[in-house]
Structure formats: C-alpha cells, structure tokens
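Report on one structure; see the data block that follows.
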Amino acid sequence: MDYSKGLIAFTAIIVGVITYSAYKMLGFGGNQFPVNGKTILITGASEGLGRSIAIQLAQKGANVVIASRSAHKLQAAIADIQAAAANSSTQRFHFISADLTDPDAADRLLNETTAWNNGVAPDVVWCCAGYCHPGLFIDVPIKTLRDQMDTVYWTSAYTAHATLRRWLVPVSQSATSKEQQPPPRHLIFTASTLAFVAVSGYGPYAPPKAAMRNLSDVLVQEIEMYNGARRKKDANAPATDVKIHIVFPMGMTSPGFENEQKLKPEVTHIMEEADKPQLPEEVATIAIKGLERGDFQIITNTVGQIMRTSALGPSPRNNIFLDTAASWLSNLVFLFVIPDLAKKAFNYGKEKGIPSAKA
Numbered sequence: 001m002d003y004s005k006g007l008i009a010f011t012a013i014i015v016g017v018i019t020y021s022a023y024k025m026l027g028f029g030g031n032q033f034p035v036n037g038k039t040i041l042i043t044g045a046s047e048g049l050g051r052s053i054a055i056q057l058a059q060k061g062a063n064v065v066i067a068s069r070s071a072h073k074l075q076a077a078i079a080d081i082q083a084a085a086a087n088s089s090t091q092r093f094h095f096i097s098a099d100l101t102d103p104d105a106a107d108r109l110l111n112e113t114t115a116w117n118n119g120v121a122p123d124v125v126w127c128c129a130g131y132c133h134p135g136l137f138i139d140v141p142i143k144t145l146r147d148q149m150d151t152v153y154w155t156s157a158y159t160a161h162a163t164l165r166r167w168l169v170p171v172s173q174s175a176t177s178k179e180q181q182p183p184p185r186h187l188i189f190t191a192s193t194l195a196f197v198a199v200s201g202y203g204p205y206a207p208p209k210a211a212m213r214n215l216s217d218v219l220v221q222e223i224e225m226y227n228g229a230r231r232k233k234d235a236n237a238p239a240t241d242v243k244i245h246i247v248f249p250m251g252m253t254s255p256g257f258e259n260e261q262k263l264k265p266e267v268t269h270i271m272e273e274a275d276k277p278q279l280p281e282e283v284a285t286i287a288i289k290g291l292e293r294g295d296f297q298i299i300t301n302t303v304g305q306i307m308r309t310s311a312l313g314p315s316p317r318n319n320i321f322l323d324t325a326a327s328w329l330s331n332l333v334f335l336f337v338i339p340d341l342a343k344k345a346f347n348y349g350k351e352k353g354i355p356s357a358k359a
C-alpha cells in the first residue's frame, strides 16, 4: 500500500514537471522580459548582433542607448534604430562613443546613460562588444591573445561591474514600499558556444568566452544575496530585483565574419563544417524570446543546445527536467564527437603538415 502511494506520488511529480516544462517551452507563463518604456543600454551595437538587438527592442517600445568605439558607425546605426521605433513620439534614442577596454570608460558610459535617462540607471544592460580573431595558439602573437581577452572578456566585465555597482545599492537606501521598488533589471552577456566545446583554431577567442560564462555563473549566485537582502527589508519587495542572462550563439554573418573566415586556419574550417552561420537578426530574435521565457543560458540553434547540455556542470538550469535529460543524451553524443575532432586534427597534420590560415 505504501509502495503504491509512493509510485503515485512519483508519477504525479514527473507528470507535473513534464507539464510545467511544456508550458514554459510553448511560451506560456507571462513575459519575463517586458521592454516597452524601459531604457536599454547595448554595447558593441554599432553593427552586427548588437545593432539587430537594438532595432528589435526599439520595435517593442524600448528606449535605447547604443555604445561602441566608432562614432561614425553609431550615427548610422542610431538612424536605423529610430526608424524601427514602435512609437517615435515617445521613445528616445542615444549613442555614446566609448572604448570599453578601459574600465574608466565603462564607468563614464553608465554615468552618461544615467544622466540622459533623467538620473535613473538603465533597466537593461546587454554586453555585445567584442570581435573574433581566430588563429592557432602558437602562431598568433601574445599581443593578439591579450587583445582578445581585453575586447571580449574585459569589455563585458568592466561594463557589468559598473552596472551592478549602480543597481545594487545598499538595502538601507532602497525604497520600502512595493510601489517604489524597481522592476527586475536584466544584465545580459553575449558569449559563444565555444565556451562549451573548444575547436582548434580558436585559441585566442574561446578562453575569453569561457571566462565570460564562468563570470555569469558566479554572478547568478552572488546576485541572490542582494535580492534576498531586499526581501528581508521589505516583504513586499519583488523576489528578484536583478536577473543575469548569457547568450551563446554559434557562427554568425556579422560584418567581421568575412575577415574572420580569412584568418581561420584551414583545419578550423574542417572542424566546424556542422556550423551553419546565422544572420544577426535571427540570433537577436531567438535571444529575445529566450529572455522573455526567463532563461538564464540562451542558445540559438540545435547544435549549440547539444553543446550546452553536454557541458552544464554546476551552471543553473533553464529547465531542470529537460536540461537533465538532454545532458544525459548529449554526453553520449560527445563520446563520439570529441575523439572525432581530435582525429580530424591528427589526420590533417599527418596529411598536410603544419596548418595554415585559409586565404
């Protein structure tokens, strides 16, 4: 009798988890990323993915601030973003030129955005700055390795640091009524599936992306201390004041893609035959939908999802049931994939000698 009750309870839990998973996957449960009337800061948004994200968020009613190093490109991008506005009479747009490899520039960026936003910090900060410089590890100069860490990892880390220092004010300074509490804010990183599965030829680029993934894992834990402190002070405070997210695209036809293709060693082209580059607009749409579902890690295609679930480790799950099941299956897949990648590299060296960049 006790056995039967236990079986019934277990079955009910499984059915409940499956139902909840399907419910979330089909887009029910409410929009976790409403942007109408919000102020959103996007770095690296003068072109490529950042520009596409800015346009799509403008279409959803957001006020948008874009940043990059090139003022000329920013001027062209801001015109396209303004043209996409859902309501041109109420939405506002702005651009700021900044080299975010300098931590002082990241601080200035947040100060200028806050001043432009009538003294209020932005509601969303999306880190898209960075570019890919592929190459074999021993062939690229040390300067390139350092530059990739600066432009890929540190631009995001500096921006995140400047942002969170403004968002995570001491509890004693926080508002004490439910009406005054700020809505959930979102800090979003843009990494790469190379953070899960490294590929020959990405020695300069993959480690900074992996570091970004690790930073997001750290922050998604640390942020709960601040969220909990607000709840302790005010029982009516929202359960989550700040949310962390990270997007993992694969190949993408960004403006720098053609140059990236030229820099890639020939062996890298062989390794990533399964990677079919996506348009920035497509990646932006998928990423925003993931944010609206409330996902922590957002993947933009099926191959990337297999890569992600094979390397979940201690990272928070988007969906406990589906991610766990997928991780079992994908780890079986990678029993064959990893040896195959190593074999391709070995055979290339055996047949052609030292690899070289594809002209």
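Counting along the sequence shown from 1, when you hit position 8 you're at 8 in the UniProt record's numbering, and nothing is skipped either side. All residues carry an ideal CB built from backbone N, CA and C; glycine is no exception.
Item	Value
Can you find at least 3 beta carbon pairs, one from the region 157-171 and one from the region 106-114, that sit closer than 8 Å?	yes
Starting from L49 and walking both ways along the alpha helix (DSSP H), at which residues does that stretch end?	48-59
Is I244 closer than 8 Å to I270 when the C-beta atoms are compared?	no
What does a CB cutoff of less than 6 Å around Q82 pick up in its chain, not counting 5 residues either side in sequence?	F93
Would D217 and S315 qualify as a contact pair, given that the criterion is a beta-carbon distance under 8 Å?	yes
What distance in whole Å lies between the Cβ atoms of D150 and T101, which are believed to be in contact at a cut-off of 8 Å?	4 Å
Just how far apart, CA to CA, sit Y348 and V267?	7 Å
For the region 247-317, list the beta strand (DSSP E) runs that are entirely contained and at least 3 residues long, ordered along the chain.	297-299
What residue ranges within the region 163-233 form continuous alpha helix (DSSP H) runs of no fewer than 4 residues, ordered along the chain?	206-233
Going by beta carbon distance, what residues of the same chain come within less than 8 Å of A162, once the five residues before and after it are set aside?	P103, A106, D107, L109, L110
Look at the alpha carbon of L74 and the alpha carbon of S46, and state the distance between them as a whole number of angstroms.	5 Å
Got a sec? Which residues, its chain only, sit under 8 Å from K350 by beta carbon, not counting five neighbours each side?	none
Where does L109 sit, in a helix, a strand or coil, going by DSSP?	helix
With the cut-off set at 8 Å, would you say P255 and Q278 are in Cβ contact?	no
Is it buried or exposed for D295, if we count other Cβ within 10 angstroms and need 16 for buried?	buried
Identify every run of the beta strand (DSSP E) within the region 110-137, keeping only runs that are complete inside it and at least 3 residues long; order them along the chain.	124-127
Could you say which of D80, I78, A77, Q261 lies nearest to H133 if we only look at CA atoms?	Q261
Assuming T43 contacts T159 (C-beta within less than 8 Å), just tell me the rounded distance between them.	6 Å
Taking just the CA atoms, how far does R231 sit from Y202?	43 Å
Does the Cβ of V333 have 16 or more other Cβ atoms within 10 Å, making it buried, or fewer, making it exposed?	exposed
From what residue to what residue does the alpha helix (DSSP H) around V152 run?	That residue, V152, is in no alpha helix (DSSP H); it is neither H nor E in DSSP.
Once DSSP output is grouped into helix, strand and coil, what is the label at R354?	According to the sequence shown, residue 354 is Ile rather than Arg. Coil, per DSSP.
Can you give the Cα-Cα distance for T300 and G61, rounded to whole angstroms?	23 Å
Report buried or exposed for T302, applying the criterion of at least 16 other Cβ atoms within 10 angstroms of its Cβ.	exposed
Counting C-beta neighbours from all protein chains within 10 Å, is the total for G27 16 or more, i.e. buried, or is it exposed?	Because G27 carries a pLDDT of 49, less than 50, the predicted location of this residue cannot be relied on, and no value is offered for it.
Find the nearest neighbour of T90 within the set W154, S68, F321, Q59, judged by alpha-carbon distance.	Q59
Helix, strand or coil for L41? Go by DSSP, reduced to three states.	strand
Between P280 and G48, which are expected to be in contact by the criterion C-beta below 8 Å, what is the C-beta distance as a whole number of angstroms?	5 Å
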